[in-house]
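Step one of this worksheet: look at the structure below.
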Amino acid sequence: MHPADGPAGATPVVDRDVRLPDGHARRRIVALAGLLAVVVAGMVVTHSDGRGLWPDIFYAAAFHLALIAVLPRVDTVVHGAAVLVWCTGIELLQITGWPALWALHVPLCRLLLGTGYDPVDLGAYALGVLLVLSVDRLLGIGRGLDDAG
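Residues 0 to 148 in numbering that gives the first Met the number 0 are what the sequence shown spells out, letter by letter.
Quick look at the structure:
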């Protein structure tokens, strides 16, 4: 017992048994750090040029990293499949013109839903998913045999 914990026999004020994060917590932390970096890079690319594949690659990568952060125990391939379904759905929704109309009233919709259909974007989304999948597999965080949870 540490003197700062109070009188002998009292419940300690501070728990001195600090556990290091398990593999899933580390995976979540790495995913959140990656998400922050991808969002910043995506905003820079979008506001500097806004054309090309990079905004769409970063969009898919950000969504993928967000899923890893929220559900770190789920396999990254499942996350990737969900991201591809989401991005394809959003891209097909753009054919209707609704996202462009919504973006007139809510500017954030322009970033989240886009405004115009482009089939090339589907390839960019796949590249974003493959990028995150590759990095996640290389790092291997949260997959060790000694991870407790």
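Backbone N, C-alpha and C fix where the C-beta goes; we use that ideal spot for every residue, glycine too.
Excluding sequence positions up to five away, which residues of its chain have a Cβ less than 6 Å from the Cβ of residue i?
{"i": "Thr45", "result": "Pro54"}
{"i": "Leu66", "result": "His78"}
{"i": "Leu132", "result": "Thr75 and Gly79"}
{"i": "Cys86", "result": "Ala59 and Tyr124"}
{"i": "Asp120", "result": "Asp55 and Glu90"}
{"i": "Thr114", "result": "Pro98, Ala99 and Ala102"}
Here's a check: name, in chain order, each residue in its chain whose Cβ is nearer than 8 Å to the Cβ of residue i, leaving out the five neighbours to either side.
{"i": "Leu92", "result": "Pro98 and Leu112"}
{"i": "Cys108", "result": "Pro98, Trp101 and Ala102"}
{"i": "Ala68", "result": "Arg27, Ala30, Leu31 and Leu34"}
{"i": "Gly8", "result": "none"}
{"i": "Arg136", "result": "Thr75"}
{"i": "Leu138", "result": "Val29"}
{"i": "Leu110", "result": "Thr45"}
Which two residues bound the contiguous alpha helix (DSSP H) that contains residue i?
{"i": "Val119", "result": "Val119 to Leu138"}
{"i": "Val29", "result": "Gly22 to Ser47"}
{"i": "Gly88", "result": "Thr75 to Leu92"}
{"i": "Ala60", "result": "Trp53 to Val69"}
{"i": "Arg109", "result": "Leu107 to Leu112"}
{"i": "Ala99", "result": "Trp97 to His104"}
Starting from the C-beta of residue i, find all residues in its chain whose C-beta is less than 7 Å away, skip the five residues before and the five after it, and write them out in chain order.
{"i": "Gly41", "result": "Pro54, Phe57, Tyr58 and Ala61"}
{"i": "Ile94", "result": "Tyr116"}
{"i": "Val37", "result": "Phe57, Ala60, Ala61 and Leu64"}
{"i": "Gly51", "result": "none"}
{"i": "Leu83", "result": "Tyr124, Ala125 and Val128"}
Below 8 Å on the Cβ atoms is my guess for residue i versus residue j; work out the distance and round it to an integer in Å.
{"i": "His63", "j": "Gly127", "result": "7 Å"}
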